[in-house]
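Novice: As you go down the protein sequences, you meet chains Y and S in turn.
Everything in the first sequence is counted per my numbering, starting at 1 for the first residue and increasing by one.
Everything in the second sequence is counted per my numbering, starting at 1 for the first residue and increasing by one.
Every residue, glycine too, gets a C-beta built ideally from N, C-alpha and C.
For clarity, every value in this text was computed on a predicted model and none was experimentally measured.
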Amino acid sequence: MAIVFIPTPLRKFTGNTSKLQIAGGTVSDVIENLSLTFPELKRHLVNADGRIPGFINIFVDDDDIRNLQQEQTPVTITTIVSIVPAIAGGIR
Amino acid sequence: MQLELYIEKQLVKKMIINVEAFPEEICGFLFGHESHARMITGIMAARNASTEDRFKHFAIDPLDFLHAEDYATDNNLEFLGIFHSHPNHPAIPSESDRIAAQPFFSYVILSVIQQKFSDIKSWRLNSESKFEEETIIQY
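#1: Please compile the residues from chain Y whose C-beta is within a distance smaller than 8 Å of the C-beta of residue 116(S).
#2: Give me the Cα-Cα distance between residue 67(Y) and residue 46(S), rounded to the nearest whole angstrom.
#3: Which ranges would you report for the beta strand (DSSP E) in the region 49-90 of chain S if only whole runs of at least 3 residues count?
#4: Kindly say whether residue 3(Y), judged by its beta-carbon, lies nearer than 8 Å to any beta-carbon of chain S.
#5: How would you label residue 93(S), buried or exposed, when you count the other beta carbons within 10 angstroms and need 16 or more for buried?
#6: To the nearest angstrom, how far is the alpha carbon of residue 103(S) from that of residue 126(S)?
#7: Please check the pair residue 33(Y) and residue 48(Y), which I expect to be a contact at CB under 8 Å, by giving their CB distance rounded to whole angstroms.
#8: Note the first and the last residue of the continuous beta strand (DSSP E) segment covering residue 124(S).
#9: Within a Cβ cutoff of 8 Å, which residues of the same chain sit near residue 137(S), ignoring the five residues on either side of it in sequence?
#10: Can you pull the chain S residues whose beta carbon is under 8 Å from the beta carbon of residue 12(Y), in chain order?
#11: Here's the rule: buried if 16 or more other CB atoms are within 10 angstroms of the residue's CB, otherwise exposed. What is residue 139(S)?
#12: Please state if the CB of residue 8(Y) and the CB of residue 69(S) are separated by a distance shorter than 8 Å.
#13: Please identify the residue among 11(S), 48(S) and 36(S) whose C-alpha is closest to the C-alpha of residue 182(S).
#14: Count the other CB atoms, across all protein chains shown, that sit within 10 Å of the CB of residue 52(S); report buried if there are 16 or more and exposed otherwise.
Right, dumping it as structure tokens:
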């Protein structure tokens, strides 16, 4: 179980809720269960091969999971899993 | 239905001062309220954290994004979008803008030619994930 923070642009898929308690022992479990609960969210969180896409950052408390154990990073009931869209762009 | 984005004139002035002061791409956050209309009442500049050529690309640090979310919550505002500049290019979303675009957000783009403001336009993804222009109304 973890507390998941939903960023503003994705809240229309969670009934405008910003924080949710989602079951799971790892980030991967939590994202999968979140996608099952809110199917419209799935295409924004998981790519075709089931991995978290590069345009989504996942933080566990204050740390990017790329610096932890990626999707296998363990979570507990007090962990805050933040979904953070990668905001970027340019002239090309 | 034609999308509209209301922005306080003084905020547009602030963005223009910003884009004319920096030759690199600048970026930041848009805050306000949305009921019948989407109204931008505040902006916050962000650091261009791109590791690529910052004259042609921008990126926002994820921790700055989370800070913007907290700022909106703490100040009873809605986090409504992103602004950024296009140096020496039109205020039209590029392919890299489209790839990284998020639903719901307004994307305000300021075109700056030879470091002089040229144009401002706003865009939002439609249900088919294609950008549609929003008419900017300054008030």
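Specialist: Once the coordinates are examined:
#1: None at all; the shortest Cβ gap to chain Y is about 16 Å.
#2: CA-to-CA, the gap between residue 67(Y) and residue 46(S) works out to about 23 Å.
#3: You should have 57-59 and 78-87.
#4: For residue 3(Y), not one C-beta of chain S is nearer than 8 Å to its own C-beta.
#5: The C-beta of residue 93(S) has 16 or more other C-beta atoms within 10 Å across all chains shown, which makes the residue buried.
#6: Computed Cα separation, rounded: 8 Å.
#7: Actually they do not touch by this definition, with Cβ atoms about 19 Å apart.
#8: Here the beta strand (DSSP E) through residue 124(S) covers 116-125.
#9: Apart from sequence neighbours up to five positions away, the residues of its chain that approach residue 137(S) with a beta-carbon distance below 8 Å are 4, 5, 6 and 7, ordered along the chain.
#10: What residue 12(Y) touches in chain S, judged by beta-carbon distance under 8 Å, is 103 and 104, going in chain order.
#11: It counts as exposed.
#12: Yes, the Cβ-Cβ distance between residue 69(S) and residue 8(Y) is below 8 Å.
#13: Nothing can be reported for residue 182(S), as the shown portion of chain S is limited to 1 through 139.
#14: Under this definition residue 52(S) is an exposed residue.
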